[in-house]
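K.L.:
Which chain is which? The protein sequence lines are A and B, in order. For the first sequence, counting from 1, position 90 maps to 90 in the working numbering; every step adds exactly one. Just so we're on the same page, the working numbering is the position in the second sequence counted from 1, plus 431. Beta carbons are placed, not taken as given, at the ideal position from N, Cα and C, and that holds for glycine. Structure provided below as structure tokens; questions to follow.
Protein chains: 2
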Amino acid sequence: MSLIVQKFGGSSVADADGIKRVAKRIVDTRKAGNDVVVVVSAMGDTTDELLDLATEITSDSSPSRELDMLLTAGERISMAALSMAINSLGVKAKSFTGSQAGMITDGVHGAARLVEVTPQRIHAALAEGDIAIVAGFQGMNRQTGDITTLGRGGSDTTAVALAAALNADVCEIYSDVDGVFSADPRVVPTAHKLETITSEEMLEMAANGSKILHLRCVEYARRFNLKLHVRSSFSELEGTLVIPENSKELTPNRLKEIPLEQPLISGVAHDRSQAKVTLIGVVDTPGSAAKVFGLLNEVNVNLDMIVQNVSTDRPDVTDITFTLPQDQGAKAVKRLEQAQEEVGFTELRYTEEIGKLSLVGAGMKAHSGVSFTFFEALSQAGINVQMISTSEIRISVITDLDKLDEAVRAVHTAFNLDAEGEATVYGGTGR
Amino acid sequence: MSLIVQKFGGSSVADADGIKRVAKRIVDTRKAGNDVVVVVSAMGDTTDELLDLATEITSDSSPSRELDMLLTAGERISMAALSMAINSLGVKAKSFTGSQAGMITDGVHGAARLVEVTPQRIHAALAEGDIAIVAGFQGMNRQTGDITTLGRGGSDTTAVALAAALNADVCEIYSDVDGVFSADPRVVPTAHKLETITSEEMLEMAANGSKILHLRCVEYARRFNLKLHVRSSFSELEGTLVIPENSKELTPNRLKEIPLEQPLISGVAHDRSQAKVTLIGVVDTPGSAAKVFGLLNEVNVNLDMIVQNVSTDRPDVTDITFTLPQDQGAKAVKRLEQAQEEVGFTELRYTEEIGKLSLVGAGMKAHSGVSFTFFEALSQAGINVQMISTSEIRISVITDLDKLDEAVRAVHTAFNLDAEGEATVYGGTGR
Numbered sequence: 001m002s003l004i005v006q007k008f009g010g011s012s013v014a015d016a017d018g019i020k021r022v023a024k025r026i027v028d029t030r031k032a033g034n035d036v037v038v039v040v041s042a043m044g045d046t047t048d049e050l051l052d053l054a055t056e057i058t059s060d061s062s063p064s065r066e067l068d069m070l071l072t073a074g075e076r077i078s079m080a081a082l083s084m085a086i087n088s089l090g091v092k093a094k095s096f097t098g099s100q101a102g103m104i105t106d107g108v109h110g111a112a113r114l115v116e117v118t119p120q121r122i123h124a125a126l127a128e129g130d131i132a133i134v135a136g137f138q139g140m141n142r143q144t145g146d147i148t149t150l151g152r153g154g155s156d157t158t159a160v161a162l163a164a165a166l167n168a169d170v171c172e173i174y175s176d177v178d179g180v181f182s183a184d185p186r187v188v189p190t191a192h193k194l195e196t197i198t199s200e201e202m203l204e205m206a207a208n209g210s211k212i213l214h215l216r217c218v219e220y221a222r223r224f225n226l227k228l229h230v231r232s233s234f235s236e237l238e239g240t241l242v243i244p245e246n247s248k249e250l251t252p253n254r255l256k257e258i259p260l261e262q263p264l265i266s267g268v269a270h271d272r273s274q275a276k277v278t279l280i281g282v283v284d285t286p287g288s289a290a291k292v293f294g295l296l297n298e299v300n301v302n303l304d305m306i307v308q309n310v311s312t313d314r315p316d317v318t319d320i321t322f323t324l325p326q327d328q329g330a331k332a333v334k335r336l337e338q339a340q341e342e343v344g345f346t347e348l349r350y351t352e353e354i355g356k357l358s359l360v361g362a363g364m365k366a367h368s369g370v371s372f373t374f375f376e377a378l379s380q381a382g383i384n385v386q387m388i389s390t391s392e393i394r395i396s397v398i399t400d401l402d403k404l405d406e407a408v409r410a411v412h413t414a415f416n417l418d419a420e421g422e423a424t425v426y427g428g429t430g431r
Numbered sequence: 432m433s434l435i436v437q438k439f440g441g442s443s444v445a446d447a448d449g450i451k452r453v454a455k456r457i458v459d460t461r462k463a464g465n466d467v468v469v470v471v472s473a474m475g476d477t478t479d480e481l482l483d484l485a486t487e488i489t490s491d492s493s494p495s496r497e498l499d500m501l502l503t504a505g506e507r508i509s510m511a512a513l514s515m516a517i518n519s520l521g522v523k524a525k526s527f528t529g530s531q532a533g534m535i536t537d538g539v540h541g542a543a544r545l546v547e548v549t550p551q552r553i554h555a556a557l558a559e560g561d562i563a564i565v566a567g568f569q570g571m572n573r574q575t576g577d578i579t580t581l582g583r584g585g586s587d588t589t590a591v592a593l594a595a596a597l598n599a600d601v602c603e604i605y606s607d608v609d610g611v612f613s614a615d616p617r618v619v620p621t622a623h624k625l626e627t628i629t630s631e632e633m634l635e636m637a638a639n640g641s642k643i644l645h646l647r648c649v650e651y652a653r654r655f656n657l658k659l660h661v662r663s664s665f666s667e668l669e670g671t672l673v674i675p676e677n678s679k680e681l682t683p684n685r686l687k688e689i690p691l692e693q694p695l696i697s698g699v700a701h702d703r704s705q706a707k708v709t710l711i712g713v714v715d716t717p718g719s720a721a722k723v724f725g726l727l728n729e730v731n732v733n734l735d736m737i738v739q740n741v742s743t744d745r746p747d748v749t750d751i752t753f754t755l756p757q758d759q760g761a762k763a764v765k766r767l768e769q770a771q772e773e774v775g776f777t778e779l780r781y782t783e784e785i786g787k788l789s790l791v792g793a794g795m796k797a798h799s800g801v802s803f804t805f806f807e808a809l810s811q812a813g814i815n816v817q818m819i820s821t822s823e824i825r826i827s828v829i830t831d832l833d834k835l836d837e838a839v840r841a842v843h844t845a846f847n848l849d850a851e852g853e854a855t856v857y858g859g860t861g862r
């Protein structure tokens, strides 16, 4: 008997019919002889509706104890409704809040971190033959007894953390897409679904704009050597297996699931949420770059790519360019402008009209020639590359925003990633 | 400094504006120098919407662990929203679920009884100067850790139980009516608001159709000698004080609030939710009535009025008539018809076309002549009385349903209860 953790996003349980469809699926998994623990997000737009209520009531709807209390009502509704739907199919189910399921967090409202998972009540429910339905996205601060939410990707994180704590055989992440694709099918209609991807590659995809899994959940799964199965609740198709590279759990049978020859490249990720700052005429003394990044660190800016060019005509000054999330742009610009004299730059340029493209593939470790094919494809498509960064299994470039889609398609084609037909695209994704 | 418990029903917090209005009122109470604990129902129609969701999902939406989990999401939303609204006015507030507030219940889902109230976290919040907002209608079964709901009148019961446990000075029950009236203003437009009513009288009013307070809450308040103040959240008017007859807490100052001469009669209650069963030709042996009531007890029927007539022509048989809640009619009739031979009756008649009118007043203990005035008023109005029952402070009669309103008005006038103007009538009432 296997233990399977299944996570369903908000779009999978958007209404009563969705809940009934998901209930049927869970019951099928149970009847196939598995123990099942389910993590569920709030129904459809519930969280947004609760946020709207909050903004109607107060001008300060920033994260707080009370906002967390409010938002967690969403999962309470979906988990109870799902449990009722399963019970009505004649299979026993019980729902548990994050607190009841033992999701213990720190006290940071709106972005709490899990500090411990103590799922005694889930073990007890499974021992009684029940399906356990657990509220995603939430936990409890043990010190204060207050309810907390985990922030973005919270329900995925709940599922993975619970799967790790329960030593589950697999954690299935259901959404409205069929799996992980070689590129976003909305940009590249011929993108193909990956059968497998290593968690290292998945990390790079998630960190570079792929929205199918949150970075935090992939990191958690990788750390606990947990196998993820990314699939759609709207179809019966197999999805994508995200497999730990060095999984202790990879028994010979499971190893068969991984193709002997990993493809060179897994896919192309893109990201439109970055902004670019250029500081022109920075006096090039030792420590001037350190000063800039120190200031940005003060205001909690997450830098991504950084480039420093020394001008040939004026070797005493330099230009520093970096990228950061758009939603951190205002505070970064403000802090730097306050310190213009101290840092000693002549001009600050800020733009959100950039796109980031990343080619990801564990296979590129062992193959030369990847960079050549990559840049040749961009060049032939007439794409101007503004910045470059690389890791062992990734090459990223910054392009003009309006050239990004074309660049993604060009690279996708150059690495022979195009499928025969077109991928099916559904709606948005759940929390 | 006084400790005031305030309870707001669903109609008072139906939308964001309602929540903000209620928040302002709570803050005013706090700023007047009181400690404040608030019990809140779910917003407006939330509970009905959650019940609708349940019936969409399952054909069996009878009370259960999961339905309780679902419904309690309603109070979670209202309490967090109310707390945020108070915080935005610059006054500290924290919300607490029933479980967090220490509302410990038995395990009967949908109709749980409080077994203990352990409000440590509420004490702690008050000690920190916070306003505590508590979810009405819910508690936790300590044995299982499961969430329960208290059923009808649950939020009022939460407020009164919490007020008793905290030794509050007064429990204010806010709804959309200005207080307790001498009759339902929708039936008697000239009904007047009572300044005070004893809890004994209030019990009789609640037990006989007055919907302003639930019987359970009045019983609880009476048992704990707690003063209730029934008032409207839509106006600043003083409402009605419900005062324990033998309250230990009635200091000389408070006693001034009670008029020295209690009026003879407090008011007229009516009830359209009763049904009448008549068993004709019951063989009049010792124990035949006991047999009938034993059968009804088997199926948990709550009998109200009972009359037994021995026919003068056939002294060996008797007719037994009783009233019961309409929603228990079907099971009562079914059980009796199954046992027709055993009981030995010739015919069973069932009707819901009856109304119950009750005249309530502590003053009638000491005054003769009340019955005369009462029945003369009914007689002059041409009202046929089907059944009669009395207590020390109440006379009730059953009339034809279509004569009930006329009867209420006739009795109200006969006892000089009519006010000069007409009462203001708002919408429905909260949970």
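1. What are the complete beta strand (DSSP E) segments, minimum 3 residues, inside the region 765 to 849 of chain B?
2. In the DSSP assignment, what residue or residues form a beta bridge with Arg662 of chain B?
3. If you count every other CB in all the chains shown that lies within 10 Å of the CB of Thr58 of chain A, and 16 or more means buried, which is it?
4. Classify Glu245 of chain A as helix, strand or coil using the three-state DSSP reduction.
5. Rank B:Val453, B:Val774, B:Arg552 by C-alpha distance to the C-alpha of Ser876 of chain B and give the top, closest one.
6. Give the list of continuous beta strand (DSSP E) stretches no shorter than 3 residues that lie fully inside the region 159 to 213 of chain A.
7. Could you give the DSSP three-state label for Gln308 of chain A: helix, strand or coil?
8. Would you mind listing the alpha helix (DSSP H) stretches within the region 458 to 529 of chain B that are 4+ residues and don't spill past its ends, in chain order?
9. Name the chain B residues whose beta carbon is nearer than 9 Å to that of Asn87 of chain A?
10. Counting only the same chain and skipping the five closest in sequence on each side, list residues whose C-beta sits under 6 Å from that of Met79 of chain A.
11. Check whether the Cβ of Lys438 of chain B lies closer than 9 Å to any Cβ atom in chain A.
12. When you compare the region 355 to 366 of chain A with the region 188 to 203 of chain A, are there three or more beta-carbon pairs, one atom per stretch, that lie closer than 8 Å?
13. Which residues share a DSSP beta bridge with Ala563 of chain B?
14. Quick check on His843 of chain B: buried or exposed, where buried means 16 or more other Cβ atoms within 10 Å of its Cβ?
15. Beta-carbon of Thr549 of chain B versus every beta-carbon of chain A: anything under 9 Å?
16. Using the beta-carbon of each residue, which ones in chain B are nearer than 8 Å to Val76 of chain A?
17. Give me the DSSP bridge partner(s) of Glu547 of chain B.
18. For chain B, is any of its Cβ atoms less than 9 Å away from the one on Lys121 of chain A?
19. Is the region 571 to 580 of chain B close to the region 541 to 551 of chain B, with three or more CB pairs under 8 Å?
20. Is DSSP giving Ile450 of chain B helix, strand or coil here?
21. Mind pulling the chain B residues with CB within less than 7 Å of Ile19 of chain A?
22. When the cut-off is 9 Å and only beta carbons count, does Gly576 of chain B lie next to chain A?
23. Between Leu324 of chain A and Ala275 of chain A, how many whole angstroms is the CB-CB distance? I'm expecting something under 8 Å.
24. How long is the line joining the alpha carbons of Pro315 of chain A and Ser371 of chain A, rounded to whole angstroms?
25. Could you tell me which of A:Lys31, A:Asn34, A:Met43 sits nearest to Gly18 of chain A, measuring between CA atoms?
26. Specify the secondary structure class of Phe293 of chain A as computed by DSSP and reduced to three states.
27. Looking at the C-beta of Leu848 of chain B, does it have a partner C-beta in chain A at a distance below 9 Å?
28. Whose CA, out of A:Gly154, A:Leu162, A:Val170, A:Ser273, lies closest to the CA of Met1 of chain A?
29. Could you tell me which of B:Lys796, B:Phe568, B:Asp587, B:Thr709 sits nearest to Glu823 of chain B, measuring between CA atoms?
30. Would you please state the rounded distance, in angstroms, between the beta carbons of Val708 of chain B and Val764 of chain B? I believe it to be under 8 Å.
31. Return the CA-CA distance between Phe234 of chain A and Glu172 of chain A, expressed in angstroms with no decimal places.
32. Along chain B, which residues have their Cβ under 9 Å away from the Cβ of Lys92 of chain A?
33. What residues in the region 456 to 489 of chain B have a beta carbon less than 8 Å from any beta carbon of chain A?
34. Run down chain B in chain order and give the residues with a C-beta less than 7 Å from the C-beta of Ser95 of chain A.
35. Find out if the Cβ-Cβ distance for the pair Thr72 of chain A, Phe137 of chain A is shorter than 9 Å.
36. Give the DSSP-derived three-state secondary structure of His701 of chain B in the structure shown.
P.N.:
According to the structure data:
1. List check, beta strand (DSSP E) in window: 778 to 782, 785 to 791, 818 to 822, 825 to 831.
2. Here residue 662 of chain B refers to the residue found at position 231 of the second sequence. Note: Arg662 of chain B is bridge-paired with B:Tyr605 in the DSSP secondary-structure output.
3. Position 58 of the first sequence, counted from the start, is the residue given in the question as residue 58 of chain A. Label assigned to Thr58 of chain A: buried.
4. As a working note, residue 245 of chain A is residue 245 in the first sequence. In the structure shown, Glu245 of chain A falls within a coil segment according to DSSP collapsed to helix, strand and coil.
5. A question about residue 876 of chain B goes unanswered here, because the residues of chain B that appear run from 432 up to 862.
6. You should have 170 to 175, 196 to 198.
7. For the purposes of this step, residue 308 of chain A is taken as residue 308 along the first sequence, with counting starting at 1. In the three-state scheme derived from DSSP, where H, G and I count as helix and E and B as strand, Gln308 of chain A is classed as strand.
8. Qualifying alpha helix (DSSP H) stretches, in chain order: 477 to 488, 496 to 519.
9. Stepping through the first sequence from its first residue, residue 87 of chain A is reached at position 87. Below the 9 Å Cβ cutoff, chain B contributes Thr489, Asp491, Ser495, Glu497 as neighbours of Asn87 of chain A, in chain order.
10. Residue 79 of chain A sits at position 79 when you count from the first residue of the first sequence. Hits under 6 Å: Val40, Ser95, Ile133, Ala135.
11. Within the second sequence, the letter at position 7 stands for residue 438 of chain B. Closer than 9 Å to the CB of Lys438 of chain B there is not a single CB belonging to chain A.
12. Yes, the region 355 to 366 of chain A touches the region 188 to 203 of chain A.
13. Counted from its first residue, the second sequence places residue 563 of chain B at position 132. Answer is B:Val468, B:Lys525, bridged to Ala563 of chain B.
14. Within the second sequence, numbered from 1, the residue matching residue 843 of chain B stands at position 412. By the 10 Å Cβ count, His843 of chain B comes out buried.
15. What you label residue 549 of chain B is simply residue 118 of the second sequence in a count that begins at 1. It does not; no Cβ of chain A falls within 9 Å.
16. Position 76 of the first sequence, counting from 1, holds the residue named residue 76 of chain A. Before going further, note that residue 76 of chain A is Arg rather than Val in the sequence given. Simply Met500, Leu501, Thr503, Ala504, Arg507.
17. Stepping through the second sequence from its first residue, residue 547 of chain B is reached at position 116. Residue pairing by DSSP puts Glu547 of chain B in a beta bridge opposite B:Ile535.
18. The residue given as residue 121 of chain A occupies position 121 in the first sequence. Looking at the sequence itself, residue 121 of chain A is Arg, so the reference to Lys does not match. Arg121 of chain A counts as touching chain B.
19. Cβ pair count under 8 Å is three or more, so yes.
20. As a position in the second sequence, residue 450 of chain B is number 19, starting the count at 1. In the structure shown, Ile450 of chain B sits in a helix (DSSP, three-state: H, G or I).
21. Numbered from its first residue, the first sequence carries residue 19 of chain A at position 19. Within 7 Å Cβ-Cβ: Ile488.
22. Reading the second sequence from its first residue, position 145 is the one you call residue 576 of chain B. Closer than 9 Å to some Cβ of chain A, the Cβ of Gly576 of chain B qualifies, so yes.
23. Position 324 of the first sequence, counted from the start, is the residue given in the question as residue 324 of chain A. Position 275 of the first sequence, counted from the start, is the residue given in the question as residue 275 of chain A. Rounded to the nearest angstrom, the Cβ distance from Leu324 of chain A to Ala275 of chain A is 6 Å, consistent with a contact under 8 Å.
24. Within the first sequence, the letter at position 315 stands for residue 315 of chain A. Within the first sequence, the letter at position 371 stands for residue 371 of chain A. Cα atoms of Pro315 of chain A and Ser371 of chain A: separation of roughly 30 Å, rounded to the nearest angstrom.
25. Numbered from 1 along the first sequence, position 18 holds the residue referred to as residue 18 of chain A. Closest by alpha carbon: A:Met43.
26. In the first sequence, counting from the first residue as 1, residue 293 of chain A sits at position 293. DSSP, reduced to helix, strand and coil, places Phe293 of chain A within a helical segment of the structure shown.
27. Residue mapping note: residue 848 of chain B aligns to position 417 of the second sequence, counting from 1. Closer than 9 Å: no.
28. Against the first sequence, residue 1 of chain A aligns to sequence position 1. The candidate whose alpha carbon is nearest that of Met1 of chain A is A:Val170.
29. One-based indexing of the second sequence puts residue 823 of chain B at position 392. For the set B:Lys796, B:Phe568, B:Asp587, B:Thr709, the Cα lying nearest the Cα of Glu823 of chain B is the one of B:Lys796.
30. Within the second sequence, the letter at position 277 stands for residue 708 of chain B. Within the second sequence, the letter at position 333 stands for residue 764 of chain B. Between Val764 of chain B and Val708 of chain B the Cβ distance is about 7 Å, and since that is below 8 Å, they are a contact.
31. Within the first sequence, residue 234 of chain A is the residue found at index 234, counting from 1. Within the first sequence, residue 172 of chain A is the residue found at index 172, counting from 1. Distance between the alpha carbons of Phe234 of chain A and Glu172 of chain A is about 14 Å.
32. By 1-based counting over the first sequence, the position of residue 92 of chain A is 92. At a beta-carbon threshold of 9 Å, none of the residues of chain B lie near Lys92 of chain A; the nearest stands roughly 11 Å away.
33. Along the region 456 to 489 of chain B, going in chain order, the ones with a CB nearer than 8 Å to a CB of chain A are Leu481, Leu484, Ala485, Glu487, Ile488, Thr489.
34. By 1-based counting over the first sequence, the position of residue 95 of chain A is 95. Correct list: Glu497, Met500.
35. As a working note, residue 72 of chain A is residue 72 in the first sequence. As a working note, residue 137 of chain A is residue 137 in the first sequence. Phe137 of chain A is positioned such that its CB atom lies closer than 9 Å to that of Thr72 of chain A.
36. For the purposes of this step, residue 701 of chain B is identified with residue 270 of the second sequence, where counting begins at 1. The answer is strand: DSSP assigns His701 of chain B an E or B state.
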